[in-house]
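Asker: One structure follows; several queries about it will come next.
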Amino acid sequence: MVWSALTEGFAEALKRAGLWSPERLARLELSIPRDTGHGDWTTNLALLLARETGRPPRAVAEALIAAFPRDPAQFAAIEVAGPGFINLRYADAFLSGLPARILAAGALDPEARRGFGCHDHARGEKILVEYVSANPTGPLNVVNARAAAVGSALVRLLNATGHAAAGEYYVNDAGTQVDLLGESVAARFAEHLGLARAFPENGYQGEYLRDLAGELDPPAARAALGRPDGAAWFRDRALERMLESQRRDLSGYGAEYARWFRESELHARGEVMRTLESLRERGMVYEAEGATWVRTSSFGDDKDRVVVRSNGAPTYLLPDIAYHRDKRARGFRYAIDLWGPDHHGHILPLQAALQALGLESGFLEVLIVQQVNLLSGGQPVRMSKRAGEFVTLGDLVEDIGADCAKFFFLMRSTNAHLDFDLDLARRQNDENPAYYVQYAHARIASILRYAAERGLEPSAAAGAEEPALADPAELLLARRLAAFPEVVRGAAFAREPHRLPAYLLDTAAIFHRFYHACRVVTEDQALSIARLRLAEATRLVLHNGLALMGVSAPQRMERAAEAAT
RNA sequence: GCGCCCGUAGCUCAAUUGGAUAGAGCGUUAGCCUCCGGAGCUAAAGGUUACAGGUUCGAUUCCUGUCGGGCGCACCA
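So the numbering used here is basically just the index in the first sequence, starting at one, shifted up by 1110.
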């Protein structure tokens, strides 16, 4: 395919130059130079290889260029520059034909790996993305909302680049947390009846449990209250209801999961103990101070970790190891976990334990989804109507809408703290970046409607009488569109979805400039159709990028200028 | 005390596994609609990348130290 020609081209060039290895191709980094004088694409590949091979960088660059299967119709120039950069410049004729090719590739469907922006380089490699995985003890909060936006975008990005990626939610339904949940609900139900029952120490205080207790079947709940093991009844009911509500929130937010994996299942199948045995067989556990320890310090951890306490109960670590062992056993080549900021201390122990178990050292990648500070009027926002103690995902969606929330979360790199300006997000008629991109899409749709009323349609194939793109604004826009597949590839490879909104904001800005510089629908029919096709290709790229983010691409947007105060 | 994340324009953040002259948005200032959506465009101003060293062709990026902010440091999850 034409748009993957760059990557394919360098793969071929490496082979012909006798420098081939898959690792080297993976390190290929194509970037758009800041200075347009340096061309449309640049890569430092020769500089990287020079260090490895001990050859002069410019000589490596010359060798790669000589070996590059160059199509003169695509690239007008491929040159060495500076210390050894390879700069490539598109031929204008290639850019003129680009919109038609984009339209032919069509709308993006990550699952089917179809549409402009998709690749199949990963050849169906299986990756599991586990995200959110909040304890089923309360409503989802804003960090969960951020993780949901990032996780679901990653799944789409990975699928679009040829992986077989699946989203998964790990349900912690087996620990002391859910027992405490059961006790808390039982106490709330007793309170509801006016009965005395001690509220558990460290129990869950949120208002939502009062609501939940009020919805239980009174006779059954009353009976359970009288039984010594009654808390288990409340636990199971509460668990299902919390899960149902989390599922509803996430589904409405566009975060779909291939599977909800229950920790209790691991215990029931005996996987937890089997994992311990497996570690023992490998000589990776030992007894000390009455407890059982795993030798994580042999794999980079700063100390060994307890997996079975002196009272015989496993720590959280053991089921976690068993869970990731199960992921590998299911055939996933990589596991990407999105964790909250308070769990970063667990990365090393778990990765080390998995190596102790014999898994590949790079199997588990953990991305920390950093803290979110909601700001309104310059002040931190904390209160929630429903939960009484924190802002929930539902509150946020109700306030600013799912599209806007996802766009804001995806704009920032995942592991950086985020100050979320609610005032800016609430503005629907001002300089809200989420609307800027959607507006560009709606504006193009409007232009196409206007043209259609005059009998003008951007046919997929260019007519012979149509002029080539010539205006600088047209060529700049076409160059930008050509970059999209590479942006998708880079964002997936680096696990950095925030490159998508950055690209889309830039593309929208360039489109707006084109719009002001070049009138699309004019008396000149051939020119109008050429520009309509460029506009439609832009619309498709915006649509595909937004689709990867899980954000809608509206055909129309309400004029909201009147709503301004 | 130890570990991890962060420190970039007045504010919020980019800068593609080390790349060429550090960029956007907001805010500020000055302009642009008889014309395809003004939720738009053009321009100006704004920087010793917290600080001090080091590594190299090249450092916002990597290493060491200092300062500041956040989060962890359990036989809790």
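All C-beta atoms in this analysis are idealised placements derived from N, C-alpha and C, irrespective of residue type, glycine included.
Taking the alpha-carbon of residue 1604 as reference, which of 1476, 1437 and 1502 has the nearest alpha-carbon?
Answerer: For residue 1604, the nearest C-alpha among the options comes from 1476.
Asker: Let's test the definition: count the other Cβ atoms within 10 Å of the Cβ of residue 1548 and tell me whether it reaches 16, buried, or not, exposed.
Answerer: With 16 or more other Cβ atoms within 10 Å, it is buried.
Asker: If you draw a straight line from the alpha carbon of residue 1585 to that of residue 1428, how long is it in whole angstroms?
Answerer: In a straight line, the C-alpha of residue 1585 is about 57 angstroms away from that of residue 1428.
Asker: Whole angstroms are fine: how far does the CA of residue 1282 sit from the CA of residue 1419?
Answerer: Going by the C-alpha atoms only, they are around 19 angstroms apart.
Asker: Where DSSP assigns a beta bridge to residue 1396, which residues make up the other side?
Answerer: 1403, per the DSSP bridge assignment.
Asker: Whose C-alpha, out of 1393, 1142 and 1158, is nearest the C-alpha of residue 1136?
Answerer: For residue 1136, the nearest C-alpha among the options comes from 1158.
Asker: Please list, in chain order, all residues of the same chain as residue 1347 whose beta carbon is under 7 angstroms from its beta carbon, the five residues on each side excluded.
Answerer: Here the set comprises 1326.
Asker: Give the DSSP-derived three-state secondary structure of residue 1285 in the structure shown.
Answerer: Of the three classes helix, strand and coil, the one that applies to residue 1285 here is coil, per DSSP.
Asker: Taking the continuous alpha helix (DSSP H) assigned at residue 1369, which residues delimit it?
Answerer: No alpha helix (DSSP H) holds residue 1369; the beta strand (DSSP E) holding it covers 1369-1372.
Asker: For residue 1307, I'd like the list of residues in its chain whose CB is within less than 6 angstroms of its CB, leaving aside the five on either flank, ordered along the chain.
Answerer: Only 1297 and 1300 meet the Cβ criterion.
Asker: Mapping the DSSP letters down to three states, classify residue 1195 as helix, strand or coil.
Answerer: Residue 1195 falls in the strand class under three-state DSSP.
Asker: Please state if the CB of residue 1295 and the CB of residue 1344 are separated by a distance shorter than 8 angstroms.
Answerer: Cβ atoms of residue 1344 and residue 1295: closer than 8 angstroms.
Asker: Assuming residue 1681 is part of the alpha helix (DSSP H), what are its boundary residues?
Answerer: Because residue 1681 is not part of the residues shown, which for the chain are 1111 to 1675, the question remains open.
Asker: How many Å lie between residue 1544 and residue 1218 at the Cα?
Answerer: Each residue's alpha carbon lies about 20 angstroms from the other.
Asker: Leaving out five residues before and five after residue 1183 in sequence, what residues of the same chain have Cβ atoms less than 8 angstroms from its Cβ?
Answerer: Around residue 1183: 1201, 1203 and 1204.
Asker: In terms of alpha-carbon separation, which member of 1595, 1319 and 1641 lies closest to residue 1577?
Answerer: That would be 1641, whose Cα lies nearest to the Cα of residue 1577.
Asker: Just grab the DSSP bridge partners of residue 1530 for me.
Answerer: Residue 1530 pairs with 1484.
Asker: Just to check my reading of the structure: residue 1262 and residue 1366 have Cβ atoms closer than 8 angstroms, yes? What is that Cβ distance to the nearest angstrom?
Answerer: Indeed, because the Cβ distance is near 7 angstroms, the residues count as touching under 8 angstroms.
Asker: Verify the contact flag: residue 1529, CB atom, against every heavy atom of the ligand NAD, threshold strictly below 7 angstroms.
Answerer: The ligand NAD is not part of the structure shown, which contains no ligands of any sort.
Asker: Could you give the C-beta distance for residue 1368 and residue 1278, rounded to a whole number, given that I count them as a contact under 8 angstroms?
Answerer: Their Cβ separation, rounded to whole angstroms, is 6 angstroms, which keeps residue 1368 and residue 1278 in contact under 8 angstroms.
Asker: Pull up the distance between the alpha-carbon of residue 1351 and that of residue 1250, whole angstroms please.
Answerer: Computed Cα separation, rounded: 13 angstroms.
Asker: Pull up the distance between the alpha-carbon of residue 1125 and that of residue 1658, whole angstroms please.
Answerer: Taking the straight line from one Cα to the other gives about 33 angstroms.
Asker: In terms of DSSP beta bridges, what is residue 1185 paired with?
Answerer: Beta-bridge pairing links residue 1185 to 1200.
Asker: Can you check which of these residues, 1146, 1424 and 1174, is closest to residue 1134 by C-alpha distance?
Answerer: That would be 1174, whose Cα lies nearest to the Cα of residue 1134.
Asker: Can you check which of these residues, 1142, 1465 and 1531, is closest to residue 1385 by C-alpha distance?
Answerer: Minimum Cα distance to residue 1385 is reached at 1465.
Asker: Can you find the residues in the same chain that come closer than 8 angstroms, C-beta to C-beta, to residue 1566, ignoring five residues on each side of it along the sequence?
Answerer: For residue 1566, where only same-chain residues beyond five positions count, the Cβ hits under 8 angstroms are 1631, 1635, 1638, 1639 and 1642.
Asker: Out of 1623, 1267, 1247 and 1210, point me to the one whose CA is closest to residue 1569's CA.
Answerer: The candidate whose alpha carbon is nearest that of residue 1569 is 1210.
Asker: With 16 other CB atoms within 10 Å as the buried threshold, where does residue 1430 fall?
Answerer: It counts as buried.
Asker: For a minimum of 3 consecutive residues, which ranges assigned as the beta strand (DSSP E) are wholly contained in the region 1141-1181?
Answerer: Taking only runs of at least 3 residues, the beta strand (DSSP E) segments lying wholly in the region 1141-1181 are 1151-1153.
Asker: Please state if the CB of residue 1376 and the CB of residue 1436 are separated by a distance shorter than 8 angstroms.
Answerer: Yes, the Cβ-Cβ distance between residue 1436 and residue 1376 is below 8 angstroms.
Asker: To the nearest angstrom, how far is it from the Cα of residue 1108 to the Cα of residue 1623?
Answerer: Residue 1108 lies beyond the stretch modelled for the chain, which goes from 1111 to 1675, so this question has no answer here.
Asker: Starting from residue 1547, follow the alpha helix (DSSP H) in both directions and report where the run begins and ends.
Answerer: Per DSSP, residue 1547 belongs to the alpha helix (DSSP H) from 1543-1563.
Asker: How big is the Cα-Cα spacing for residue 1362 and residue 1531?
Answerer: Between residue 1362 and residue 1531, the C-alpha separation is close to 23 angstroms.
Asker: Could you give the residue range of the beta strand (DSSP E) that holds residue 1447?
Answerer: Note, residue 1447: beta strand (DSSP E), 1444-1449.
Asker: From this set, 1328, 1573, 1233 and 1193, which residue's C-alpha is nearest residue 1275's C-alpha?
Answerer: Of the candidates 1328, 1573, 1233 and 1193, the one whose C-alpha sits nearest the C-alpha of residue 1275 is 1233.
Asker: Give the C-beta separation of residue 1479 and residue 1260 to the nearest angstrom, bearing in mind that I take them to be a contact with Cβ-Cβ under 8 angstroms.
Answerer: Rounded, the Cβ-Cβ distance is 6 angstroms, consistent with contact.
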